Structure formats: structure tokens, C-alpha cells
Amino acid sequence: MAVYAIGDVQGCLDELQRLLDRLHFDPAADRLWFAGDLVNRGPQSLETLRFIRALGGRVVSVLGNHDLHLLAISRYADRLKARDTLLPILEAPDRDELLDWLRQRPLFHHDATLGYSLVHAGLPPQWDLDLAQSCSREVEAVLRDDTHCRDFLAHMYGNQPDTWSAQLTGHDRLRFIVNACTRLRYCTPEGMMEFRHSGPPGSQPPGFLPWFEAPGRASRGLNVLFGHWASLGTVTSPGVHPLDTGCVWGHQLTALRLDTDKPERISIDCPGARRPGQAG
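Counting in the working numbering, the final residue of the sequence shown is number 833, and the numbers go up one at a time with none missing.
As C-alpha cells, then:
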């Protein structure tokens with residue numbers, strides 16, 4: 554049995570299937586971990602969601618910001634953006650089954666046997682494993698409750714609060730948790746998050762650094778797999794495993810094999826994935 558972690562697919566099903574062919578993926582035995590953002594911007598969001606859902610218990614997928622955006626616009630259509638490629642899902646006869654499956658996904662996943670943790674974007678410097686797990690469960694419980702889910706999705710968008718405090722409550726607390734897990738790239742050494750800059754390290758404003766370089770980061774002992782940051786490039790920090798290599802922008806789709814003594818990185822080129830009119 555092989556276990557592979559795969560970066561942001563974003564509706565690029567043809568590229569995902571080419572990568573699985575390259576991996577000689579056996580759906581009867583192997584397992585796949587997805588770093589979130591299964592949908593949006595690519596041309597096959599509906600088909601991608603159907604394909605991954607059909608793999609059943611062989612799949613672990615954490616929620617990304619685009620997955621949460623899909624859940625939000627399914628309740629509040631005015632949130633739909635011009636470049637979203639999500640309408641086929643919203644108009645599909647099986648939309649309710651697909652959306653229900655999606656909102657059952659976790660924000661954070663940890664496998665003690667394999668020794669890896671999976672999140673879409675990052676972890677605030679104050680969060681250790683226990684806090685990451687407990688905070689993600691708070692949001693997961695809300696998303697899985699019909700009444701509370703609708704209310705939270707109406708209040709999910711926004712950049713504040715931008716710094717963790719155990720005293721956060723209500724929508725502020727849930728919004729911080731979602732933003733940390735699905736949008737974080739840069740923060741200050743104290744953990745104040747910055748969301749406007751998505752370029753590679755060195756392009757960020759003064760005073761900010763990649764979340765995984767925060768001094769004294771409580772999750773430093775974990776092996777963290779994450780996506781969301783297509784421009785990040787090579788990372789040499791121990792325990793830091795970026796997976797988003799920009800498939801939807803015409804670059805690569807990447808998998809990391811987790812069940813071997815030394816993780817093996819496998820990528821395919823995706824020159825045909827980028828669609829006219831799309832920007833980074």
C-alpha cells in the first residue's frame with residue numbers, strides 16, 4: 554500500500570489522472586491525501602469533485618479556501634466571482650451530495666503512524682498539535698451542522714482578527730481558525746497574519762516572514778504537508794513539505810509519497826492546464 558499527498562488540483566482532473574497514472578495508483582490498495590482546493594479556476598471542478606468523492610475511504614482531503622468558497626456560494630450566490638469555475642457544481646443534479654461530502658472534510662489531519670500532518674495553508678506560531686486539532690474540530694463541527702453552517706458561512710469572509718488569542722469567541726474565533734488553516738502564508742514573529750501578498754519569500758512586506766520560519770513555532774516538531782502557495786519554491790526547513798506547484802497556472806502537479814523511509818516527490822508538467830484570461 555502506497556500513500557501519496559497531492560497538492561492543489563483546482564479542477565484540473567486531466568492532470569490529476571495523468572499524475573495518478575505516473576504513480577501507478579491502485580484504487581483498491583493505495584491512499585491519497587489532498588491538500589485542499591480540489592476545485593475552482595480549473596476547467597473540471599465538477600468532474601474532479603465527483604472523481605475524488607468516488608474514491609471513498611481511500612481519500613483524505615482537507616478543506617482549502619476555494620472549497621470553503623464553494624460552500625459559501627452554494628448558500629449565498631452573491632459571493633460568486635467572475636473567474637470562479639464553480640457553476641457546473643451548483644447546477645449539477647448531484648450537487649447536494651457533493652456539497653455535503655465536501656463539508657464533512659477536515660481542516661487539519663494528523664496521522665501518528667505515518668508521522669505527517671496535513672493542512673491547506675499553515676499553522677499560527679502559537680499552535681502545537683493539540684491546539685491545531687482542537688481548533689480545526691471547532692470549525693468542522695459548525696460546518697457539519699446545517700443551521701450553524703449557514704450562519705457561519707455568512708460571516709466567514711474577512712481578515713480580522715489577524716492574531717491568535719485563546720480568548721477569541723464566536724465568529725471571530727472561527728474566522729481566525731479558517732484563515733489560518735486555509736489562507737496563511739506570511740505572519741510576524743508574533744503571529745499576526747498578512748493576506749495581501751502571495752509572492753515568494755523576499756517579496757513580502759518588512760516585518761513578515763513565512764509562517765514556518767516564525768521563531769519558536771510550536772508546531773516545529775511536526776512534519777507539515779501544505780498547499781496554497783504556488784510561488785513558494787524550494788523549502789529546506791525541516792518538517793516543512795509544500796505541495797502546491799501551480800498546476801492550474803500551467804506549471805506542475807506534485808505528489809509526495811509518505812509511506813517510505815525517505816519521502817519521494819513526483820511531479821508532472823501541466824502546460825495545458827492554464828486557461829486564457831486567468832491570472833495568478
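Backbone N, C-alpha and C fix where the C-beta goes; we use that ideal spot for every residue, glycine too.
Predicted, not measured: the structure shown is a model, and the values here were computed from it.
Find out if the Cβ-Cβ distance for the pair residue i, residue j is shorter than 8 Å.
i, j, result
"ALA607", "LEU671", "no"
"SER790", "GLU817", "no"
"LEU676", "ALA733", "yes"
"ARG810", "VAL556", "yes"
"SER598", "GLY560", "no"
"VAL615", "ARG658", "yes"
"LEU655", "ASP620", "yes"
"LEU651", "ARG603", "yes"
"ARG575", "ILE821", "yes"
"GLY786", "PRO753", "yes"
"VAL613", "THR601", "no"
"CYS823", "GLU568", "yes"
"LEU775", "LEU682", "yes"
Assuming residue i contacts residue j under a Cβ cut-off of 8 Å, what Cβ separation, rounded to an integer in Å, is found between them?
i, j, result
"HIS673", "ASN618", "7 Å"
"PRO678", "GLY780", "20 Å between Cβ atoms; not a contact."
"VAL777", "GLY595", "Rounded, the Cβ-Cβ distance is 25 Å, inconsistent with contact."
"LEU727", "GLU691", "7 Å"
"PHE729", "LEU737", "Incorrect: roughly 10 Å between the Cβ atoms, too far for contact."
"LEU572", "ALA808", "6 Å"
Which residues mark the beginning and the end of the beta strand (DSSP E) in which residue i is found?
i, result
"ALA808", "805-810"
"HIS663", "661-664"
"VAL613", "612-614"
"SER718", "Note, SER718: premise wrong, no beta strand (DSSP E); not H, not E."
"ASP822", "817-822"
"VAL672", "669-672"
With a 10 Å radius around its C-beta and 16 neighbouring C-beta atoms as the bar for buried, classify residue i as buried or exposed.
i, result
"ARG697", "exposed"
"SER627", "buried"
"GLY833", "Because the pLDDT of GLY833 is 36, which lies under 50, any placement of that residue in the model is unreliable, and the number read from its coordinates should be weighed accordingly. The residue is exposed, with fewer than 16 neighbouring Cβ atoms inside 10 Å."
"SER718", "exposed"
"MET709", "buried"
"LEU640", "exposed"
"HIS750", "exposed"
"ALA685", "buried"
"SER687", "exposed"
"PRO829", "Low confidence applies here, because PRO829 scores a pLDDT of 41, under 50, leaving its location unreliable; read the following figure in that light. It counts as exposed."
"SER756", "exposed"
Where do the N-terminal and C-terminal ends of the alpha helix (DSSP H) with residue i fall, by residue?
i, result
"ARG770", "Premise fails: ARG770 is in no alpha helix (DSSP H) and is neither H nor E."
"ARG584", "Looking at the DSSP string, ARG584 is not in any alpha helix (DSSP H); the run it does join, the beta strand (DSSP E), is 584-587."
"PRO641", "640-643"
"PHE836", "With the chain running from 554 to 833 in the structure shown, residue 836 is simply not present."
"GLU743", "GLU743 -> no alpha helix (DSSP H), and no H or E assigned at all."
"HIS724", "723-736"
Do the region 751-768 and the region 785-804 meet, that is, are 3 or more Cβ pairs less than 8 Å apart?
Below 8 Å, enough C-beta pairs join the region 751-768 and the region 785-804 to call them touching: three or more.
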